[in-house]
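Taken in sequence, the protein lines are chains A and B.
Each residue of the first sequence is one higher than the one before, starting from -10 at the first, in the working numbering.
Each residue of the second sequence is one higher than the one before, starting from -10 at the first, in the working numbering.
Presented below is the structure to which this report refers.
Number of protein chains: 2
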Amino acid sequence: MATLAKTRLGSRRRPEQTRAAILQAAAQDFARNGIAGARTDAIARAARVNKALLYYYFKDKQTLYGAALDHAFAQLNTHMMAVLNRDLPPGEKVRTYVGEYFDFIAGHPLNRDLMQREMMRAGHSSAHLQRIAKRYFQPLFIKLGEVIRAGISAGEFRTVDPIQFIPSMVALVVFYFTSAPLMKTVTGVDPLTPERIAARRDAVLDFITAALFREQSTTQGEHV
Amino acid sequence: MATLAKTRLGSRRRPEQTRAAILQAAAQDFARNGIAGARTDAIARAARVNKALLYYYFKDKQTLYGAALDHAFAQLNTHMMAVLNRDLPPGEKVRTYVGEYFDFIAGHPLNRDLMQREMMRAGHSSAHLQRIAKRYFQPLFIKLGEVIRAGISAGEFRTVDPIQFIPSMVALVVFYFTSAPLMKTVTGVDPLTPERIAARRDAVLDFITAALFREQSTTQGEHV
DNA sequence: ACAATCTAACTAACTGGTTAATTAATCCGA
DNA sequence: TCGGATTAATTAACCAGTTAGTTAGATTGT
């Protein structure tokens, strides 16, 4: 019974679980500190695993980083793709998409930071970003672009360019969280309380609605 | 005569210039690689200076990083503060501000990356960010907030909340550049050609105009 | 001659990655 | 079904290369 009782993760002999633990610890460290700042020793410790196991399951630090990235982006892709597959008219679909995207980003700070960090690194045109862009972003981008064009054709939307509109949408959602620490100091208000986050959600939806739709169809004002 | 001919910067005996060279090299490395990724040896080499000089002029890596940050943020602050001090009606002032801000960010990739990187680090609530927020951002934020409130009072703007609107504005400007490498792979188009950047500038101004002004006063459509 | 500026050489600590050995399930023939 | 062989999972200890930071002294303008 002692064999079952000892939940010591380090010697758990559950490869799937071990791998997952490493991946999660890695995601955390990479998200917080970037690939250069993350420490393999720290990751191993956080995963309650001997460091050599990192290299047993993953080739090296780079590969581990890549795996963490893939995991995060795949989650996002799966979730958002499902939203795009719902049967809704363009206007509702875009609004739903923005709302769901906001909720995902708000609820997955790790993924968010990981993605943002990788984007910054990519001046060095990383192979990781290349892969991730093609595999996880392009399908979303294409589908969302179609929805927008449909809304324009239907006369519901202004004639925006998806190649401009989509990054704008992402920007409004993501950047709020990126700038939260700065804004907390500047304004004295913590932007990350549930209430403030909800307010931001409304503001983003309102902002996008105002900029996208031909005639104002929702509540006026960005929020008080 | 050899003493004058040798332009070897390392022994130039121009302390101001040496300091500036170090700072610039540091800014570059920190912007590209973050504080953890930047290498003091590389910075020294790039500045054509012996590594020990970094420690002669700056206490340590952290301090050097802080100095680079301060330099970058001070530049931005000076530039943007001047815009806010121009005598213009709220609507024109906001539009001018956005345009100038866009141009600054587009023209100063180093500063941009430095700022963005520091924001990401600040989950660890860095002392640097604290200082920079208070010294360089708060004044801008307050003044811009006043302009927006004035525009609302004048009935020119919708009743937006500055605490929501300002980050949105920054997001639209900054995030485009952050996501450029990703977007290049996704769309196959390089977002950083002069033409594409100009298109983005228009799109941002249009987007913000549409979301801020009570009645549409400029060109329709976000761009084609 | 003297203080400010600068350098070559060095070090202590750290870090990614390896290795050789250990443990524990599983398989398999008698 | 017993027990030895096999293999997968895991670890302690280690190593070579790197990195921030130091030191002791050299150079140079005034």
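Using N, Cα and C, we set each Cβ at its ideal position, and we do this for glycine too.
This structure is a prediction, so every number in the text was calculated from the model and none was measured.
For Met69 (chain B), the nearest beta carbon of chain A is not closer than 8 Å to its own beta carbon. At least one CB of chain B lies nearer than 8 Å to the CB of Asn22 (chain A). Measuring C-alpha to C-alpha distances from Ala20 (chain B) to each of B:Asn100, B:Gln64, B:Asp150 identifies B:Asn100 as the nearest.
Chain-order list of chain B residues neighbouring Ser114 (chain A): Pro170, by C-beta distance under 8 Å. Residue contact with chain A for Val38 (chain B): absent (no Cβ-Cβ distance below 8 Å to any residue of chain A).
Close to Leu118 (chain B), with beta-carbon spacing below 8 Å, are these residues of chain A in chain order: Pro170, Leu171, Thr174. Between Ala192 (chain B) and Asp150 (chain A), the C-beta gap is smaller than 8 Å, which places the two residues in contact.
Only those residues of the segment 44 to 71 of chain B whose C-beta falls short of 9 Å from the nearest C-beta of chain A would be listed, and there are none. Note that the C-beta distance between Ala25 (chain A) and Gly134 (chain B) is not below 8 Å. Under the Cβ criterion of 8 Å, Gln127 (chain A) is counted among the residues facing chain B. Contact of Pro156 (chain A) with chain B is assigned, a C-beta pair being separated by under 8 Å. For Ala139 (chain B) and Thr148 (chain B), the gap between their C-alpha atoms comes out near 11 Å. Listed as beta-bridge partners of Phe166 (chain B) by DSSP are no residues whatsoever.
Under the criterion of beta carbons closer than 8 Å, Gln119 (chain B) and Val175 (chain A) do not qualify as touching, at roughly 10 Å. Using a Cβ-Cβ cut-off of 7 Å, Arg124 (chain B) is close to nothing in chain A; its nearest Cβ partner there is about 11 Å away. At a cut-off of 8 Å between beta carbons, Ala111 (chain B) contacts chain A.
Among the residues of the segment 127 to 149 of chain A, those with a Cβ less than 8 Å away from any Cβ of chain B are Gln127, Phe130, Arg147, Thr148, Val149, in the order of the chain.
A residue is called buried once 16 or more other Cβ atoms fall within 10 Å of its Cβ, and Lys173 (chain B) is buried on that count.
Nearest to Ala95 (chain B) by alpha-carbon distance, out of B:Gln13, B:Phe196, B:Ala15, B:Thr167, is B:Thr167. Not a single C-beta of chain B is nearer than 8 Å to the C-beta of Gly96 (chain A). Under the DSSP assignment, Leu133 (chain A) falls in the alpha helix (DSSP H) whose first and last residues are 127 to 142.
At a beta-carbon threshold of 8 Å, the residues of chain A lying near Leu161 (chain B) are Ser157, Ala160, Leu161, ordered along the chain. Non-local C-beta neighbours of Leu73 (chain B) in its own chain, meaning closer than 8 Å and more than five positions away in sequence, comprise Lys82, Tyr86, Leu129, Lys132, Leu133, Val136, ordered along the chain. Excluding sequence positions up to five before and after Leu58 (chain B), its CB lies within less than 7 Å of the CB of Leu103, Glu107, His117, Ile121, all in the same chain and listed in chain order. At a cut-off of 8 Å between beta-carbon atoms, Ala14 (chain A) makes no contact with chain B.
A Cβ-Cβ distance of about 24 Å is found for the pair Phe146 (chain B) and Leu65 (chain B), leaving them out of contact under the 8 Å criterion. In the structure shown, Phe196 (chain B) falls within a helical segment according to DSSP collapsed to helix, strand and coil. At a cut-off of 8 Å between beta carbons, Ile152 (chain B) contacts chain A.
If you compare the alpha carbons of B:Asp179, B:Lys40, B:Gly88 with that of Met69 (chain B), the shortest gap goes to B:Gly88. In the DSSP assignment, Pro78 (chain A) falls outside any alpha helix (DSSP H), carrying neither H nor E. Nearest neighbour of Leu171 (chain B) by Cα position, chosen from A:Phe93, A:Leu161, A:Phe62, A:His97, turns out to be A:Phe62. Relative to the Cα of Gln105 (chain B), the nearest Cα in the group A:Phe164, A:Gln153, A:Arg124, A:Tyr125 belongs to A:Phe164.
Taken through DSSP and simplified to helix, strand or coil, Phe47 (chain B) comes out as coil. Here Thr7 (chain B) is buried. Its C-beta has 16 or more other C-beta atoms within 10 Å. For Asp18 (chain A), no CB of chain B lies under 8 Å from its own CB, so it is not counted at the interface with that chain.
Nearest to Ala33 (chain B) by alpha-carbon distance, out of B:Ala10, B:Lys48, B:Gly23, is B:Ala10.
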